[in-house]
Ligand code: SPV
Ligand code: MG
């Protein structure tokens, strides 16, 4: 239902309705969240939040700007306290058109002179607007609304200015005849006598609105019995802010510490929630990277690297420095360079020695008796719609990761087709593919047949070596989960590695696509590797 219609229905409903003041997007959101059906855009509160006076010191365009933040984040109607309409009938016309454009449901104008003063400051000294002039403003406003259900509430300030019931009724009658959708009768008494007398005489000629700031102790049932349509709790959010801010500021100042205040104030996560931070994260999945998803990474880093001897006594292999920088740090930096910030490291051996920032560290507690797939199983929760899984001891040129991210495939593995003398026969990551690397073809469509040390399915030479990087995207995530489940049934699951997972995917009919690469990577298995690694990484710009 349109916000204008919601407000109109509230004004015309048989029961008494209630709206609460808000003065910015955040307070408006809070008012809606607790269940209010409408918001009062209080002139006093809108000014006070900027520490300016409720004397039209805030320009009308500044008011509209605040209101737009409020309408943007709420679905309930806002009734703006439009003071005197910020000028004459012509200013009123422009105001009403503008409010319609930004989704404000109605405006209340009071019969005082511009610039007005708050009703509770020397009210009796305040001159009232000429009745006919004020009626002209109401008519101009009604003629300018583009939505039939937009409401104009005429506020009678006769009691505030020290006049009696007759003047109040005379004015209300004239404003009603000029087209006002409701009458707001205001009073500065601490008892509701004036407004109740008015209500009796008014006898429901049109909806009646009140602001019980001064007669706040009146039981709400009294208003209901008097047939009041709308009660405005007019300034209680801004007053709450003031007391809370004063208490917190004084406490932090006196104690010179945040400790005491921390438990008494909203958490930072609560701020994020009210700002709708989650929605943005979801939107990023849909729209970031040209409609793709933000990519995450899982780094398998649980093993000690026993062949590196004493070097890995105090720290795991991934923390060994290469050209002065720990391998893991280098990897994380490379991920971040490609915009991958959701990084999970599955640690095991000497996990306490992993002290790099920028990644979530998970622990495979069984690291001593398990293999790569058991580590991966620890990180299943951290899979996103697009995840790169990588060995922690892999060094690579950035462009390899960049190219991997550039291809669109559910499952994608990088296979190095360049000859690797000395490795063939020992490594368990040799790759047999549906076709050998045909370097002449761009994005040659090749799929993986098998990764292992020896071919089980063919006796031909391998097509290359899987470099230890796999990208799992979209539907690929389901395939991977399914393959993991099957493998977890196996007795020897704890000794299985990533090649077993790739082979399972092939068996399941989900052969990963192959992206052929030519060198520019290395893994670290022994001291020789580590020595070569320094030169490998010593490339400017990497
Ligand atoms: C406001 O909230 O700004 C009002 C109500 O106009 S009052 O302050 O009571 O006049
Ligand atoms: Mg006001």
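In the working numbering, the protein residues as written are 9 to 550. Note that CB positions come from ideal geometry on N, CA and C, so glycine has one too. Note that this is a predicted model, so its numbers are computed, not measured.
Based on the DSSP secondary-structure assignment, which residues constitute the bridge partners of residue i?
i: residue 304; result: 350 and 395
i: residue 151; result: Residue 151 pairs with nothing; no bridge assigned.
i: residue 191; result: 162 and 216
i: residue 458; result: 440
i: residue 120; result: 136
i: residue 472; result: 439
i: residue 47; result: 28 and 86
i: residue 210; result: Paired residue(s): none; residue 210 is not in a bridge.
i: residue 358; result: 356
i: residue 309; result: 355
i: residue 419; result: 480
i: residue 531; result: 402
i: residue 115; result: 88 and 160
i: residue 330; result: 333
Does residue i come out as helix, strand or coil in the three-state DSSP assignment?
i: residue 89; result: strand
i: residue 33; result: helix
i: residue 509; result: helix
i: residue 477; result: strand
i: residue 68; result: helix
i: residue 266; result: coil
i: residue 171; result: coil
i: residue 250; result: helix
i: residue 183; result: helix
i: residue 60; result: coil
i: residue 404; result: strand
i: residue 368; result: strand
i: residue 524; result: strand
i: residue 504; result: coil
i: residue 108; result: helix
i: residue 239; result: strand
i: residue 18; result: helix
i: residue 203; result: helix
i: residue 131; result: helix
i: residue 81; result: coil
i: residue 424; result: strand
i: residue 12; result: helix
i: residue 4; result: Absent from the structure is residue 4, since the part of the chain shown begins at 9 and ends at 550.
i: residue 7; result: Only positions 9 to 550 of the chain appear in the structure, and residue 7 is not among them; the question remains open.
i: residue 410; result: helix
Nearest to residue i by CA position, among the options, is which residue?
i: residue 479; options: 329, 514, 515 and 522; result: 522
i: residue 208; options: 232, 343 and 170; result: 232
i: residue 185; options: 438, 144 and 323; result: 144
i: residue 17; options: 90, 518 and 114; result: 114
i: residue 54; options: 87, 26 and 23; result: 87
i: residue 32; options: 150, 77, 23 and 15; result: 77
i: residue 19; options: 459, 235 and 35; result: 235
i: residue 373; options: 59, 212, 540 and 359; result: 359
i: residue 327; options: 345, 356, 348 and 68; result: 356
i: residue 191; options: 197, 179 and 201; result: 179
i: residue 455; options: 467, 275 and 439; result: 439
i: residue 44; options: 288, 240 and 264; result: 240
i: residue 323; options: 363, 138, 502 and 396; result: 363
Using the rule of at least 16 other Cβ atoms within 10 Å of the residue's Cβ for burial, across every protein chain shown, is residue i buried or exposed?
i: residue 484; result: buried
i: residue 82; result: buried
i: residue 388; result: exposed
i: residue 512; result: buried
i: residue 29; result: buried
i: residue 164; result: buried
i: residue 280; result: exposed
i: residue 433; result: Residue confidence is low: residue 433 scores 46 on pLDDT, short of 50, so the model does not pin down where it sits. No coordinate-derived value is stated.
i: residue 496; result: exposed
i: residue 416; result: exposed
i: residue 462; result: exposed
i: residue 111; result: buried
i: residue 199; result: exposed
i: residue 266; result: exposed
i: residue 224; result: exposed
i: residue 160; result: buried
i: residue 583; result: Lying before the first or after the last residue shown, residue 583 is absent from the chain, which here runs from 9 to 550.
i: residue 526; result: exposed
i: residue 47; result: buried
i: residue 441; result: buried
i: residue 91; result: buried
i: residue 272; result: exposed
Report whether the distance from the Cβ of residue i to the nearest heavy atom of the ligand SAH is below 7 Å.
i: residue 29; result: Ligands displayed in this structure: the ligand SPV and the ligand MG; the ligand SAH is not among them.
So with Cβ pairs under 8 Å, would you call residue i a contact of chain B?
i: residue 409; result: Within the model displayed, chain B is absent; a lone protein chain is all it includes.
Query raised in the report: Around the ligand MG, what residues have a beta-carbon under 7 Å from a heavy atom of it, in chain order?
Result: 50, 51, 52, 62, 89, 91 and 126
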